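Scroll down for the structure; my scribbles are underneath it.
In this note's numbering, the protein residues as written are 103 to 294.
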């Protein structure tokens, strides 16, 4: 093999190490708030799972991660359960600090778009009309720990930008309320 061929193979191997594919999953805690209302909501547990990709950028410690996550969220509103199924696509900028591939801590933040996968309308006894938006945007902030460049434990908070639901409450003279769902997520990612 020539020196040029060896250098080309080395460059390809180095670039391939910057791109990692994995599987992410975990639990979420959903907090639902209805603007301008006194209705009680309770936080409930849900889960998320899906493929993810991580890309190291040329600046030391800087990277990106992109995922496609099936997300099941649940909240209790005045004693009734509201469930939502969505496809969440977060794109986060990451900054890692530590001992390279052995262990590091990271912070991450970025936008997320979600697409409703379940029923658009929810049937509840005390509600005239409950509609999920077809899609909605949010912003993630969080951090975590990576071990042996393969296993990652993370915690993120998802903040909606705008409303995620519209609710017409029958006992409130058919007034429309706008609902927002914030999420805490704790996840584990395995990179192949």
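Virtual Cβ for every residue (Gly too), placed ideally from N, Cα, C.
Just so you know, these numbers come straight off a predicted model, no measurement behind them.
{"Query": "Tell me the start and end of each unbroken beta strand (DSSP E) in the stretch 184 to 250 that is at least 3 residues and wholly inside, in chain order.", "Result": "205 to 218, 229 to 234, 237 to 249"}
{"Query": "In terms of DSSP beta bridges, what is residue 161 paired with?", "Result": "Note: residue 161 sits in no beta bridge, so no partner."}
{"Query": "Which residue from 210, 182, 260 puts its Cα closest to that of residue 241?", "Result": "260"}
{"Query": "To the nearest angstrom, how far is it from the Cα of residue 199 to the Cα of residue 210?", "Result": "12 Å"}
{"Query": "In whole angstroms, what separates the C-alpha of residue 248 from that of residue 206?", "Result": "5 Å"}
{"Query": "Looking at the structure shown, is residue 294 part of a helix, part of a strand, or coil, going by DSSP?", "Result": "coil"}
{"Query": "When you compare only the Cα positions, how much space is there between residue 186 and residue 124?", "Result": "25 Å"}
{"Query": "Decide if residue 154 is buried, meaning its Cβ has at least 16 other Cβ atoms within 10 Å, or exposed.", "Result": "buried"}
{"Query": "Smallest Cα separation from residue 255: which of 160, 293, 131?", "Result": "293"}
{"Query": "Alpha carbon to alpha carbon, how far is residue 287 from residue 121?", "Result": "24 Å"}
{"Query": "Measure from the alpha carbon of residue 178 to the alpha carbon of each residue in 289, 283, 290, 291, then state which is nearest.", "Result": "283"}
{"Query": "In its own chain, which residues sit with a C-beta less than 6 Å from the C-beta of residue 258, not counting the 5 before and 5 after it?", "Result": "242, 244, 287"}
{"Query": "What residues match up with residue 257 in a beta bridge as DSSP calls it?", "Result": "245, 288"}
{"Query": "Rounded to whole angstroms, what is the Cα-Cα separation between residue 239 and residue 202?", "Result": "33 Å"}
{"Query": "Closest to residue 263 by CA distance: which of 147, 173, 235, 253 is it?", "Result": "235"}
{"Query": "For residue 188, count the other beta carbons within 10 Å of its own beta carbon; 16 or more makes it buried, fewer makes it exposed. Which is it?", "Result": "buried"}
{"Query": "So who's on the other strand from residue 154, going by DSSP bridges?", "Result": "124, 169"}
{"Query": "Cutting at 6 Å between CB atoms, please list the residues of its own chain near residue 204, excluding the five before and the five after it.", "Result": "none"}
{"Query": "Identify whether residue 283 lies in helix, strand or coil by the three-state DSSP scheme.", "Result": "strand"}
{"Query": "Cα separation between residue 169 and residue 197?", "Result": "17 Å"}
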